[in-house]
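Working notes, structure below.
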Amino acid sequence: MGEFAKLPGIGRKTALRLVLHLLRQDEESVNGFAEAVALMRRDIKHCCMCHNISDTDICPICADASRDASTLCVVENVQDVIAVENTQQFRGLYHVLGGIISPMDGIAPGDLEIASLVERVEKGGINEVILALDPTMEGDTTNFFISRKLAHTGVKVSVIARGVSVGDELEYTDEITLGRSILNRTPFGTV
Numbered sequence: 543m544g545e546f547a548k549l550p551g552i553g554r555k556t557a558l559r560l561v562l563h564l565l566r567q568d569e570e571s572v573n574g575f576a577e578a579v580a581l582m583r584r585d586i587k588h589c590c591m592c593h594n595i596s597d598t599d600i601c602p603i604c605a606d607a608s609r610d611a612s613t614l615c616v617v618e619n620v621q622d623v624i625a626v627e628n629t630q631q632f633r634g635l636y637h638v639l640g641g642i643i644s645p646m647d648g649i650a651p652g653d654l655e656i657a658s659l660v661e662r663v664e665k666g667g668i669n670e671v672i673l674a675l676d677p678t679m680e681g682d683t684t685n686f687f688i689s690r691k692l693a694h695t696g697v698k699v700s701v702i703a704r705g706v707s708v709g710d711e712l713e714y715t716d717e718i719t720l721g722r723s724i725l726n727r728t729p730f731g732t733v
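Per this note's numbering, the sequence shown runs over residues 543 to 733.
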């Protein structure tokens with residue numbers, strides 16, 4: 543039960559339910575489950591280009607010739623790749639940093655995949671880098687650091703739009719978000 547409780551979002555009660563469920567299964571099913579977990583851990587690696595997870599050296603997104611290789615979306619983690627892909631609005635490539643700069647947590651630029659991003663852009667062929675990091679102090683710090691590191695390349699660096707969420711009420715929106723929404727407004731017909 544202790545190992546299940548170490549998983550994110552799994553407390554003691556859920557861990558107990560999982561263990562009891564596995565105990566009700568036949569031995570072959572449990573062994574198959576254990577083997578699947580072991581195979582996943584052994585066979586899943588990071589893409590040598592974008593650092594997304596993959597079971598091959600180059601992930602399916604980077605290997606897809608129909609994607610726009612001139613546009614790079616920089617994200618914090620694999621979950622963010624999945625989130626952007628789920629929108630079906632982006633057809634470029636990704637670069638997964640593996641975190642964001644956070645001095646309080648002991649995460650420095652050298653702990654992230656920033657050097658490989660700069661190297662990737664310096665090789666050429668990339669026209670735009672979209673910074674799609676969380677709108678937090680750490681995310682903004684990382685955005686600023688990356689933009690400074692890429693300044694010499696001449697590549698266009700942009701950030702994702704920030705604003706009021708659909709369904710939110712203005713009176714409950716924080717001032718920074720509301721201010722950015724007003725400053726970054728778009729013509730009515732384009733929404």
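Glycine included, every Cβ here is placed at the ideal spot set by N, Cα and C.
Please classify Val708 as buried or exposed, where buried requires at least 16 neighbouring CB atoms within 10 angstroms.
exposed
Kindly indicate which three-state DSSP category Ala611 falls into: helix, strand or coil?
strand
Rounded to the nearest angstrom, what separates Gly648 and Phe575 at their Cα positions?
36 angstroms
Range covered by the alpha helix (DSSP H) that runs through Gly551
It is not in any alpha helix (DSSP H) - Gly551 carries neither H nor E in the DSSP assignment.
Report the rounded CA-to-CA distance for Gln630 versus Val699, giving the unit in angstroms.
21 angstroms
Just reading off the beta strand (DSSP E) that Val701 is part of, what are its end residues?
698-701
So, helix, strand or coil for Glu670, using DSSP?
strand
How far does the beta strand (DSSP E) with Val579 in it extend, from its first residue to its last?
Note, Val579: premise wrong, no beta strand (DSSP E); alpha helix (DSSP H) at 569-585.
Just the C-alpha distance for Leu725 and Glu577, rounded to the nearest angstrom, thanks.
53 angstroms
Tell me whether the region 704-723 and the region 681-690 touch, counting them as touching only if at least three CB pairs, one residue from each stretch, are closer than 8 angstroms.
no
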